[in-house]
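Going by the working numbering, the letters in the sequence shown line up with residues 24 to 649, in that order.
The beta carbon of each residue, even a glycine, is placed where N, CA and C say it ideally should be.
Presented below is the structure to which this report refers.
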Amino acid sequence: MDLQKKLENLPTNPGVYLMKNDQGEIIYVGKAINLRNRVRSYFRELKPEQAKTKALVRHIADLEYILADNELEALVLECNLIKKYRPKYNISLKDDKTYPYLKITNEDYPQVLITRKVSRDGARYFGPYPSVNELRNSLEMVRKIFPFRSCHQRVFTNDRPCLNAHINMCYAPCIGRISKEDYNAMIDQIALFFEGKQDGLVKRLKQEMEQAAENLEFEQAARLRDQLQGIEQIMTQQKAVLGSDSDEDVIAMARGINQCCVQIFFVRGGKIVGRENYFLKGTDDSSRGEVIASFMKQFYLNCQFIPRNILLETELEEQEVLEQWLTEKKESRVYLKVPKRGQAKDLVELVGRNALEVLNKQELEESYQEQRTTGALEQLQRALGLPELPHRMECYDISNTQGTDSVASMVVFVDGKPKKDQYRRFKIKTVEGADDYASLREVLLRRLTHGLAEQQDSDKDEGKFAAFPDVIMMDGGRGQVNVALDVLRELQLDIPVCGMVKDNKHRTRGLYYQNEEIPLDEQAEPFLLITRMQDEAHRFAITYHRSLRGKRSLTSILDDISGVGEKRKRNLLKHFGSFTKIREASAEELAEVEGISQTVAEEIYSYLRTHQDLQARLDSRKTKTK
24 MDLQKKLENL PTNPGVYLMK NDQGEIIYVG KAINLRNRVR SYFRELKPEQ
74 AKTKALVRHI ADLEYILADN ELEALVLECN LIKKYRPKYN ISLKDDKTYP
124 YLKITNEDYP QVLITRKVSR DGARYFGPYP SVNELRNSLE MVRKIFPFRS
174 CHQRVFTNDR PCLNAHINMC YAPCIGRISK EDYNAMIDQI ALFFEGKQDG
224 LVKRLKQEME QAAENLEFEQ AARLRDQLQG IEQIMTQQKA VLGSDSDEDV
274 IAMARGINQC CVQIFFVRGG KIVGRENYFL KGTDDSSRGE VIASFMKQFY
324 LNCQFIPRNI LLETELEEQE VLEQWLTEKK ESRVYLKVPK RGQAKDLVEL
374 VGRNALEVLN KQELEESYQE QRTTGALEQL QRALGLPELP HRMECYDISN
424 TQGTDSVASM VVFVDGKPKK DQYRRFKIKT VEGADDYASL REVLLRRLTH
474 GLAEQQDSDK DEGKFAAFPD VIMMDGGRGQ VNVALDVLRE LQLDIPVCGM
524 VKDNKHRTRG LYYQNEEIPL DEQAEPFLLI TRMQDEAHRF AITYHRSLRG
574 KRSLTSILDD ISGVGEKRKR NLLKHFGSFT KIREASAEEL AEVEGISQTV
624 AEEIYSYLRT HQDLQARLDS RKTKTK
């Protein structure tokens with residue numbers, strides 16, 4: 024069914040619509056109470072200022088829709104699909120990082136961990152936190168006050184405590200130095216701290232200290248006194264902003280030339296405990312309310328902790344359904360409020376001013392970097408005698424270990440900036456052994472031949488290889504450049520080729536171009552740009568090479584563990600990224616991997632720590648990487 028017929032037959036039900044381009048890629052996801060009315064509105068006459076929407080409509084070749092029972096169900100589905108597909112024309116966070124949480128495990132003697140994955144495992148989670156370093160620092164301070172265990176044992180079999188117990192950094196439950204009841208009472212106090220309820224915690228500790236003193240338990244009273252002093256010291260660093268002990272998030276935004284900055288303040292127990300900035304793209308045609316609503320959908324989608332009150336700078340069109348959604352996630356009432364007066368309004372305005380300040384600094388920095396980059400490209404153009412500015416440059420590098428697992432990288436810089444979505448990596452297929460020249464020839468032939476085919480195919484004129492570079496940069500000198508020139512002559516292409524020459528200490532010293540070496544001033548912008556390209560190509564190649572080598576090493580080692588098959592090996596590597604990180608993971612972290620039960624996780628954990636020959640086996644596979 025063609026697009027016009029689909030538009031004519033749209034239902035009037037609530038649901039989610041997915042718009043696709045001519046390559047079948049999802050470029051926009053939206054929700055509607057009435058699918059027919061909402062989707063057809065895109066194809067009516069648009070206002071001149073709706074440039075983004077006009078661009079979207081020009082690229083719509085097909086659409087799909089999913090029916091929902093109500094607007095709330097549609098909103099949940101919309102959030103999940105945007106996260107999954109990250110469509111080009113949706114408002115999206117520029118920084119798609121996974122935020123850390125504090126996790127208190129569900130055990131007799133709970134552990135206190137930092138994790139980036141929230142599971143339904145009975146554990147208590149706190150967060151997300153904007154900075155993992157700040158969370159680590161906070162946790163370290165708390166541990167000095169409440170010495171919880173750092174080991175990962177589920178069953179205590181030790182007859183003597185670890186070093187942490189000797190330096191008073193653990194109460195040593197492993198040898199029964201603290202009872203289960205007292206240990207869990209301490210864990211509850213840690214939970215109160217991270218919930219922002221320090222006032223209640225202080226009150227409880229004072230009561231316990233006084234009771235211990237009355238009972239002549241002076242050692243216990245002294246310990247509680249030290250804990251009180253530690254908590255009060257931390258509290259003095261936090262600014263009270265509200266007259267109550269409420270938990271609130273405060274959200275406001277600032278609009279710039281090409282982007283928006285949303286800032287969120289985290290208020291816990293009436294005190295600011297953190298803040299974070301988020302830059303959003305694709306906001307050109309969107310109102311302030313639409314930007315904030317889009318931010319909230321993305322931010323709270325995977326948030327474990329949602330406060331009772333969320334203060335906003337403006338009313339939202341979707342405010343009611345967003346309240347419903349957040350209430351269901353929290354399993355208790357959540358209120359979205361736009362304060363009109365008092366402390367709350369002042370706080371929202373403060374957040375807005377902070378957002379504007381951050382945005383101004385960001386735009387000044389971007390403007391400065393733009394000037395530096397443009398200057399570098401102009402100087403490079405003059406040095407090479409190019410007729411035009413080199414807008415697109417591609418850089419190639421080869422990596423292998425004694426001729427095995429040979430790979431190549433292609434990194435792309437557009438207008439002097441890395442274009443990481445256009446980076447490509449190649450596994451060498453036709454070359455045996457460590458022959459860099461032959462490997463480069465294979466890679467360039469594959470890349471350029473594929474590009475020529477895409478250029479001739481009208482359906483693929485925007486394919487991943489269709490755009491050719493203005494300059495090709497080779498990691499090397501005369502030999503690498505000559506290989507590239509031979510390939511270009513064979514394909515009848517005319518593209519300038521430079522070699523990035525290094526000194527005997529493997530540092531960039533200049534460019535090899537048209538049979539001569541062009542020295543570069545180490546303080547000049549072109550040198551810094553070329554060095555960055557060279558480093559980036561090397562990093563990308565070496566990362567791919569190590570992943571292939573690591574997979575081989577990991578596979579051979581994990582083969583020896585009972586219950587770990589091919590699927591579980593793949594899931595482990597996908598989750599952790601390297602064998603080293605798998606070895607460093609706790610049993611709890613291993614159990615977070617898809618398909619890994621707690622029993623299997625403990626088997627892996629035990630095996631990797633009890634077999635002393637593993638490191639030797641791994642090291643035997645490691646040789647110096649080129």
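Straight across, the Cα-Cα distance linking Gln546 with Arg415 is about 23 angstroms. Closest in alpha carbon position to Asp459, among Ala507, Leu475, Pro492, is Ala507. The Cβ atoms of Arg532 and Val520 do not sit closer than 8 angstroms to each other.
Residues of the same chain with a CB within less than 8 angstroms of the CB of Arg183, apart from the 5 flanking positions on each side, are Ile198 in chain order. About 7 angstroms separates the beta carbons of Leu158 and Leu125, which is inside the 8 angstroms limit, making them a contact pair. The residue among Ile210, Ala91, Leu86, Gln176 with its C-alpha nearest the C-alpha of Ile127 is Ile210. Spatial neighbours of Tyr536 in its own chain (CB-CB distance under 7 angstroms, excluding positions within 5 residues in sequence) are listed in chain order as Leu407, Cys521. Assignment of Lys487 by DSSP, reduced to helix, strand and coil, places it in the coil class. Exclusion of the five residues before and after Ala55 leaves Arg61 as the residues of its chain whose Cβ lies within less than 6 angstroms of its Cβ. For Gln27, the uninterrupted alpha helix (DSSP H) run begins and ends at 26 to 31, by DSSP.
Non-local C-beta neighbours of Asn57 in its own chain, meaning closer than 8 angstroms and more than five positions away in sequence, comprise Thr35, Asn36, Pro37, ordered along the chain.
With a threshold of 16 other beta carbon atoms within 10 Å, Pro542 falls short and is exposed.
The residue from Phe66, Lys106, Leu33, Arg139 with its alpha-carbon nearest to that of Glu87 is Leu33. Nearest in C-alpha terms to Ser317, of all of Gly499, Ile105, Ser142, is Ile105. DSSP, read as helix, strand or coil, puts Glu372 in helix. The beta carbons of Asp272 and Ile287 sit about 6 angstroms from each other, so the pair counts as a contact at 8 angstroms. One thing to note: Leu403 has its Cβ within 8 angstroms of the Cβ of Pro549. Close CB contacts of Gly150 within its chain, under the 7 angstroms cut and outside five residues either way in sequence, are with Tyr122, Pro123, Tyr124, Leu125, Gln327, Phe328 (chain order). The beta carbon of Pro110 sits closer than 6 angstroms to the beta carbons of Ile49, Ile50, Tyr51, Val52 from its chain, once the five residues preceding and following it are set aside; these are given in chain order. In the DSSP assignment, the residues bridged to Asn300 are Gln286. In this structure, the straight-line span from the alpha carbon of Ser202 to that of Ala367 is close to 44 angstroms. In this structure, the alpha-carbon of Glu233 lies about 7 angstroms from that of Ala244. Here the C-alpha atom of Asp444 lies approximately 43 angstroms from the C-alpha atom of Gly293. Just so you know, the alpha carbons of Tyr391 and Gly305 end up roughly 23 angstroms apart. Less than 8 angstroms divides the Cβ of Phe488 from the Cβ of Gly474.
Take the alpha-carbon of Val225 and the one of Tyr108: they are about 47 angstroms apart. The region 348 to 366 and the region 379 to 389 do not touch, with fewer than 3 CB-CB distances between them shorter than 8 angstroms.
Beta-bridge annotation (DSSP): Gly533 is paired with Val524, Pro542.
Contact annotation: Asp308 and Thr76 have beta-carbon atoms nearer than 8 angstroms. Secondary structure of Gly53 (DSSP, three-state): strand. Of the residues assessed, Arg311 falls on the buried side of the cut-off, its CB having 16 or more other CB atoms within 10 angstroms. Listed in chain order, the beta strand (DSSP E) runs fully inside the region 31 to 119 are 38 to 43, 49 to 55, 85 to 90, counting runs of at least 3 residues. A direct Cα-to-Cα measurement between Ile619 and Arg177 gives close to 17 angstroms. The beta carbon of Cys102 sits closer than 6 angstroms to those of Lys320, Leu324, all from its chain and outside the five residues before and after it, given in chain order.
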